[in-house]
Amino acid sequence: MNFIEELRNLDTNDPGRWPLMFRVIAVALVFVGVLAFCVYMFVIKTEMPLLERAQREELELRATFEDKQRRAANFDAYRDQLADIERDFGAMLRQLPGRTEVPNLLVDISQTGLAAGLEEKLFQPMGEIQREFYAELPIKIRLTGSYHELGNFVSGIAALPRIVTLHDITIVPVDADVYDELTLDVTAKTYRYLDEDSTEG
C-alpha cells in the first residue's frame, strides 16, 4: 500500500490508530500552526507599531539628510551670494550721505531745481527722523515751472550720486488759465546710516 492510499484510509475520528509516521506529521503540523500563531500574536503584532514608527522616522531622517546634503552641495554658491549681497550693501551704504555731506547734498538738491529752470518757493529741511539703522532727512520743497521743467527736476534728483527719494507729490496749476505753469509740492528724503557716528568719531 502506497503513501497516498494510506493517507486516504486514515480515520479522522480515531487518530490514535494512525501509523506512527502520520501521527508525527500531524503533531508537527499542529505544533507549527500553534508556533506560527504565537509568533504572530506575541512578536509580529506587538512589534508592528514599532516597525511602522521606525519606518516613518527613517523617511523623516532621509528627507532631512537630503535637504542638508542639498544645502551642503550649494554651500559655495550661498557663500558667493552672501559676498555679493555684502558688496551690494556696502555700495548702497556709500550712497547714503555722511553727517558732514548733508549740507552739500541739500545744496545739490536745491541747485537741481534751479538748473531745471524752476522757481524755488520753499526749501525747508525738517528734523532728522531716527529709524532702526538709518536716519531719514526730509526736506519740504515747493517749486513752480512748466511740466517739462518738473520732469527735468525729477530726472536730476534721480541722477544724484546719493540716494534721494521723493514723497507726497502734489502738482497743481498756478493759475487755472495758464495750463503749463505748475506748482510742485514734494517731500524729498535722503538717508544717513547711523553706525557711521561710531566709525567716524
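Take the sequence shown: its letters are residues 126 to 326, numbered as in the numbering used here. We treat Cβ as the ideally placed atom computed from N, Cα and C, and that holds for glycine.
> If you drop the 5 nearest sequence neighbours on each side, which residues of the same chain put their C-beta closer than 8 Å to that of residue 242?
Replying inline: 270, 271, 274 and 277
> Can you tell me the Cα-Cα spacing of residue 302 and residue 292, whole angstroms?
Replying inline: 28 Å
> First and last residue of the alpha helix (DSSP H) that includes residue 150?
Replying inline: 145–164
> What residues are listed by DSSP as bridge partners for residue 213?
Replying inline: Its beta-bridge partners do not exist; DSSP assigns none.
> Which one of 318, 187, 172 and 159 has the shortest CA to CA distance from residue 260?
Replying inline: 318
>> As a quick exercise: from 282, 146 and 173, pick the residue whose alpha carbon is nearest that of residue 230.
In response: 282
>> Give me, in chain order, the residues of the same chain whose beta-carbon lies closer than 6 Å to that of residue 309; leave out the 5 immediate sequence neighbours on both sides.
In response: 268, 275 and 296
> Using DSSP with H/G/I as helix, E/B as strand and the rest coil, what is residue 248?
Replying inline: strand
> For the alpha helix (DSSP H) that contains residue 227, what are its first and last residues?
Replying inline: 227–240
>> Just to confirm my understanding: we take residue 248, look at its own chain, exclude 5 residues before and 5 after, and list those with CB closer than 6 Å. What are they?
In response: 235 and 266
> Helix, strand or coil: which one does DSSP assign to residue 287?
Replying inline: coil
>> Quick check on this structure: which residue in 279, 316, 193 and 204 has the alpha carbon closest to the alpha carbon of residue 239?
In response: 279
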